[in-house]
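Enquirer: Protein sequence lines correspond, in order, to chains A and B.
Numbering of the first sequence is given in the working numbering, commencing with residue 84 and proceeding in unit increments.
Numbering of the second sequence is given in the working numbering, commencing with residue 3 and proceeding in unit increments.
Note that the Cβ used here is the ideal one computed from N, Cα and C, for glycine as well.
Since the model is a prediction, treat every value here as computed from it, not as a measurement.
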Amino acid sequence: MELVGCLLMIVVLSAPASAQTPEPSANEKPPLPKDNLPNRDDRHPQSPEHKSEDAKNELADLSLEELMSVQVVTASRKAEPIDTVPYAMSVITKEDIRSAGARSIPEALRLAAGIDVAELSYSNAAVSPRGFHGFLSRQVLVLVDGRQIFDSHFGGTLWGAWPFQLEDIERIEVIRGPAGVVWGANAMNGVINIITKDPADQLGTTMKLTAGSRGAQTEYIGHAFRDEKLRLRLSGEYEGSDGFNRGGSWLGGLEDDYKTGRMNLYAIYDENPHDTFTLSAGSGVVDGGFPRTPLAGIGWSRNPGAQASYVSGSWSHIIDKDNTLKLNAYVNDFYGSPGVPQIDYRYQQLAFQLSQSLRPSENHALTWGMDTRADLLDASNSDPQMLSRNFVSTGILGFYVQDEWRLAPQWSLNLGGRLDYECYGGFQPSARAALTRHLGDTSHVYAAVSRAFQMPPVGLRFMDLPMLNGLAWAQGHRGIDSESLLAYELGYRTKLFDRLHLSLNAFWNEYDDMTTLSPQLGPPGLITLDIDNRAAASVYGVEMEARYPVSKKLTLLANYTHQELDWRSSAAYHDKDLMSPPKNKAMIGARYSATSDLHFSSNLYYVDAVTAPNVDFPFVARSIDSYLRWDLRAEYTFWKNSASFAVGVRNLTDDSHAEGGTLFLNYAEVPRMIYAEFRIQIRPR
Amino acid sequence: MKQDCNLNVMKRFRTSLVSLVMACALLRAVPLHGQSNEVDEDKALKVKAAYLLNFTKFVTWPADVFEDAHSPIVIGIVGIDPFGSILDRTIKDKTVAGRPLTVRRIQWRAGESTSALKQCHLLYVSPSLGDGVAALIDAVAHMPILTIGEGEEFAKIGGILGFVAEGGRIVFWANRKAAEAAKLQLNSQLLKLARPIEDVAVAKD
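1. Please name the residue, chosen from V732(A), G743(A), A555(A) and M756(A), that lies closest to F215(A) on a Cα-to-Cα basis.
2. Using the rule of at least 16 other Cβ atoms within 10 Å of the residue's Cβ for burial, across every protein chain shown, is L609(A) buried or exposed?
3. Could you have a look at Y750(A) and say whether DSSP puts it in helix, strand or coil?
4. Under 8 Å between C-beta atoms, does I159(B) make it to chain A?
5. Output yes if chain A places a C-beta closer than 8 Å to the C-beta of Y53(B); else output no.
6. Give me, in chain order, the residues of the same chain whose beta-carbon lies closer than 6 Å to that of S332(A); leave out the 5 immediate sequence neighbours on both sides.
7. Verify the CB distance criterion: does I42(A) have a CB-CB separation below 8 Å to chain B?
8. By DSSP, does T240(A) sit in helix, in strand, or in coil?
9. If the cut is a Cβ gap below 8 Å, which residues of chain A does T116(B) touch?
10. Let me see if you follow: with CB-CB separation under 8 Å, is R544(A) close to chain B or not?
11. Using a Cβ-Cβ cutoff of less than 6 Å, which residues in the same chain neighbour T240(A) once the five nearest sequence positions on both sides are dropped?
12. With DSSP as the reference, label K96(B) as helix, strand or coil.
13. Using beta carbons (cut-off 8 Å, strictly below), is V49(B) in contact with chain A?
14. Please state the DSSP three-state secondary structure of D251(A).
15. Report all residues from its chain with a CB closer than 8 Å to the CB of P701(A); omit the five preceding and five following residues, and keep chain order.
16. Assign D769(A) to one of two classes, buried (16 or more other C-beta atoms within 10 Å of its C-beta) or exposed (fewer than that).
17. Helix, strand or coil, according to DSSP, for M145(B) in the structure here?
18. Hey, is D95(B)'s beta-carbon within less than 8 Å of any beta-carbon in chain D?
19. Buried or exposed for V227(A), please, with buried defined as at least 16 other CB atoms from any protein chain shown within 10 angstroms of its CB.
20. Whole angstroms is fine: what's the gap from S87(B)'s alpha carbon to T694(A)'s?
21. Fully enclosed by the region 459-506 of chain A, which beta strand (DSSP E) runs are 3 residues long or longer?
22. Relative to the C-alpha of A299(A), which residue among D340(A), G330(A), A270(A) and G260(A) is closest?
23. Does any C-beta atom of chain B lie closer than 8 Å to the C-beta of L150(A)?
24. For E90(B), tell me which candidate among N140(A), T525(A) and G229(A) has the shortest Cα-Cα distance.
25. Name the residues in the region 398-418 of chain A whose C-beta lies less than 8 Å from a C-beta of chain B; which are they?
26. State the DSSP-derived secondary structure class of S87(B), mapped to helix, strand or coil.
27. For H657(A), which of helix, strand or coil comes out of DSSP?
28. Let me know the secondary structure DSSP gives E2(B) once reduced to three states.
29. Does the count of Cβ pairs from the region 198-216 of chain A and the region 658-671 of chain A closer than 8 Å reach three?
30. Using a C-beta to C-beta distance shorter than 7 Å, which residues of chain A count as neighbours of V173(B)?
31. Please state whether DSSP places A457(A) in a helix, a strand or coil.
32. Does the CB of N177(B) have a neighbour CB from chain A at under 8 Å?
33. Beta-carbon within less than 6 Å of V625(A)'s beta-carbon, same chain only, minus the 5 sequence neighbours each way: which residues are those?
34. According to the Cβ coordinates, are A244(A) and Q511(A) closer than 8 Å?
35. Tell me whether V142(B) is buried or exposed, calling it buried when 16 or more other Cβ atoms sit within 10 Å of its Cβ.
36. For G153(B), go through chain A and note every residue whose CB falls closer than 8 Å to its CB, in chain order.
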């Protein structure tokens, strides 16, 4: 509470700083920014609720005189970010992903401040904002065009299993801090929102070929077209690799080879100026991808793999310019087995989401919505078993309201509340209040307090999983409570010297009822890993993110995060199968365009030492040293930017290093990797 | 003599080589120089899309071109659409005088029917049409359609408004006579801001 007081005091004290931003008179009160609310459905970039400048034309409301004064000569080829929402938010654009040479979404997420990334094998990564990153990070919610990807059995996101195609991604928005009011359960530490390209921005046929060390290869082909009302893209990709092939427990050899085929379809249909429909569907098959954990037991082995498919549709209806209705529905179908016979499961998720955005008055914006999701889990193929039942199902229903008031020309207040009901977890509330002081057009400071929760996935409640040939068992129970969070945040975003984009954030998160897997002696085996709410914790820290276009040719990027964990439990932290948050983490990047065709980029990452779950000896945490990683890339574009050739190296600084671990996979080390990439887009004439 | 001949050959070879290197250096210098004024294409398209939206507010069409008071204003794009989704996003959720806006992409060649063009109130004529630009201007010159294209030349050959990059900004030229021929009223504020083109021919009926 002292912290809240301090935060609010800082915001209030910043009020006299109006010397640089004169107060408009009462009748000049600026209208409330329409896009100031986080959007729960970013699938359709035309959405009027859409908050990112990438998605709307921020110049649309300018007058003729103002348009005539807009400079269209740029300092760099990079689009300028971003927004004024009272959240700690980073946007990783398609240009960022490309110039960083990222081969996966977790690698791209290293570019954002405050998000912990540890690569556990070629296709698995631990990713979470503000602590608690692990193989299955349950405290972060991942969305693809508004569709949730959250494992029904273990929770978290299996990054290598879902059919992501980097070439189709427009941008990744990362919200650090609770966003549960809008997105409900699991958006506790933050949201990673992956937004794919509008087919109209990718017209024609695009092909990309990459080849690199350790047999890594990717072949992508996509075709997009448009007619009067329809924009459509169909794309597919094959990715294969021999894996990192470094590391491995002394209990068993490492096999993390990975082969996958993916296909995605995305269509937008503008029926009329008021009604827009979207349809997306995709499927991916993975062979390998999960280095088998030796903790499964001697001889307990099968071929690892996964299949993931989805169909998603939405309808957006503009009732009038201040009133928009949106309906989404999707189905996720997932099957996976990480190479051990006792973990073999399939689930379907069916979800409906309805939301309405209104502007009752010039200074008041309101969004309300309701959503429901059913999870159907099938573990009948597990051998001997992974759940106490073969089939488990659950449903969750939520209702929320989010309100924003422009109290005065330079003050706005966001209030949001949400109530969820889940069959096993019962009712859970979420809430957020944020007070923002606008310091001119490009600066603002805000303070926020939030309550969020993480609902245990239904598979965790019924888990009855043998390990070490039945000597140890992981067991859950129906009565596991939701983890809860009370979060305090302070944020400041500004543009200095007309170029330097800077954001600073501080946070204090208080967790309660954290679940752990506590080892206890006793049946059914010698040891039982009991899943229950036995922990409380505090995580606090500061984050800085900066982007500075020094000249027309050179742009510098930087981020820095400091965070601390205070774990309070009779159970050890690594019993949660998570890595400790690195105390310090930083990135320095540079983008240099020697000519309009030749581009160089460099990204240097530093991550402090952490502790991780230990496959070799599960009762003792494994120490992971700090590491420095340097990625370099050079790209030459030709044929009027329609084609490019790039070469690069990832992790130049060392031969290989460990970044983390999990009890569910053998551990792998991230090696040095070189690659070459060719891309061509044949545009329609 | 043979040696002299060889020397001459070597000298010519070296001179050619130096010339070639210098030519390459000069050629390299051209894009470098050009890059210092590199236009942010994405931003330029956003500005032009915002202009298209704005223009609809400063033009009065004859009353009979709309079916009723709520009929949409139709923006047509003829030729290759440079805007991608930018224009759709710009006009989404916008109304002008109570009318929504909609975008149509039209493939048209000189000599073809103008029936698709007639359904539009504003036409952005893509430079990809090449020689077809002039033909299109002629074809719709006396229809109540606001024609917009690229360059001062567009307005000079009978188009109504032409975008021009000037001093790192996008401005526009206006051909008032072409607008009169199309029976369109351009607001005085728009004409005041536009670079005026006078005394140009308008296609005859």
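Expert: Straight from the coordinates:
1. Within the first sequence, numbered from 1, the residue matching residue 215(A) stands at position 132. F215(A) has its Cα closest to that of G743(A), out of V732(A), G743(A), A555(A) and M756(A).
2. The count along the first sequence starts at 1 and reaches residue 609(A) at position 526. Exposed, by the Cβ-count rule.
3. Within the first sequence, the letter at position 667 stands for residue 750(A). The three-state secondary structure of Y750(A), taken from DSSP, is coil.
4. In the second sequence, residue 159(B) corresponds to position 157, counting from 1. Not closer than 8 Å to any Cβ of chain A, the Cβ of I159(B) fails to qualify, so no.
5. Residue numbering aside, residue 53(B) sits at position 51 when the second sequence is read from its first letter. Taking CB atoms only, Y53(B) has a neighbour in chain A less than 8 Å away.
6. Here residue 332(A) is taken as the residue at index 249 of the first sequence, counted from 1. Excluding the 5 residues flanking it on each side, S332(A) has same chain C-beta neighbours closer than 6 Å at P377, V698, D699 and N749, in chain order.
7. Because chain A in this structure spans residues 84 to 768, residue 42(A) falls outside the shown range and cannot be described.
8. The residue given as residue 240(A) occupies position 157 in the first sequence. It is coil, neither helix nor strand.
9. Residue mapping note: residue 116(B) aligns to position 114 of the second sequence, counting from 1. In chain order: nothing, as chain A lies at least about 17 Å away.
10. Against the first sequence, residue 544(A) aligns to sequence position 461. Look at R544(A): its C-beta is not under 8 Å from any C-beta on chain B.
11. Taking the first residue of the first sequence as position 1, residue 240(A) is located at position 157. Here T240(A) has V225 and I232 as same chain residues with Cβ atoms under 6 Å from its own Cβ, once five neighbours each way along the sequence are excluded.
12. Here residue 96(B) refers to the residue found at position 94 when the second sequence is read from its first residue. Collapsing the DSSP output to three states places K96(B) in coil.
13. As a position in the second sequence, residue 49(B) is number 47, starting the count at 1. Yes, its Cβ sits closer than 8 Å to a Cβ of chain A.
14. What you label residue 251(A) is simply residue 168 of the first sequence in a count that begins at 1. In the structure shown, D251(A) falls within a helical segment according to DSSP collapsed to helix, strand and coil.
15. Indexing the first sequence from 1 puts residue 701(A) at position 618. Around P701(A): L378, P602 and L746.
16. Here chain A covers residues 84 to 768 and nothing more, so residue 769(A) does not appear.
17. Taking the first residue of the second sequence as position 1, residue 145(B) is located at position 143. DSSP places M145(B) outside both helix and strand once states are collapsed to three, so it counts as coil.
18. Included in the structure are the protein chains A and B, with no chain D among them.
19. By one-based count along the first sequence, residue 227(A) stands at place 144. Result: buried.
20. In the second sequence, counting from the first residue as 1, residue 87(B) sits at position 85. In the first sequence, counting from the first residue as 1, residue 694(A) sits at position 611. Between S87(B) and T694(A), the alpha-carbon positions lie close to 47 Å from each other.
21. Runs found: 474-491 and 494-505.
22. Numbered from 1 along the first sequence, position 216 holds the residue referred to as residue 299(A). Looking at the Cα atoms, D340(A) is the closest of the given residues.
23. Along the first sequence, one-based indexing puts residue 150(A) at 67. L150(A) counts as touching chain B.
24. Within the second sequence, numbered from 1, the residue matching residue 90(B) stands at position 88. For the record, residue 90(B) in the displayed sequence is Asp; it is not Glu. When C-alpha distances from D90(B) are compared across N140(A), T525(A) and G229(A), the shortest belongs to N140(A).
25. Taking a C-beta cut-off of 8 Å against chain B, the contacting residues of the region 398-418 of chain A are I401, K404 and T407, listed in chain order.
26. Working through the second sequence from its first residue, we reach residue 87(B) at position 85. In the displayed model, S87(B) falls within coil according to three-state DSSP, outside both helix and strand.
27. Here residue 657(A) corresponds to residue number 574 of the first sequence, with the count starting at 1. DSSP places H657(A) within a helical segment (H, G or I) once states are collapsed to three.
28. Lying before the first or after the last residue shown, residue 2(B) is absent from chain B, which here runs from 3 to 207.
29. Result yes; three or more Cβ-Cβ pairs closer than 8 Å.
30. Position 171 of the second sequence, counting from 1, holds the residue named residue 173(B). Those within 7 Å of V173(B) in chain A are M151.
31. What you label residue 457(A) is simply residue 374 of the first sequence in a count that begins at 1. Note: A457(A) maps to strand in three-state DSSP.
32. One-based indexing of the second sequence puts residue 177(B) at position 175. Interface annotation, N177(B): not in contact with chain A, CB-CB separation never under 8 Å.
33. If you number the first sequence from 1, residue 625(A) lands on position 542. Excluding positions up to five away in sequence, the list reads A589 and H645.
34. Taking the first residue of the first sequence as position 1, residue 244(A) is located at position 161. Taking the first residue of the first sequence as position 1, residue 511(A) is located at position 428. In this structure, Q511(A) does not lie closer than 8 Å to A244(A) by Cβ.
35. Residue 142(B) sits at position 140 when you count from the first residue of the second sequence. Here V142(B) is buried, its C-beta having at least 16 other C-beta atoms within 10 Å.
36. Here residue 153(B) refers to the residue found at position 151 of the second sequence. Ordered by position in chain A, no residue passes the 8 Å Cβ test against G153(B), which lies about 15 Å from the chain.
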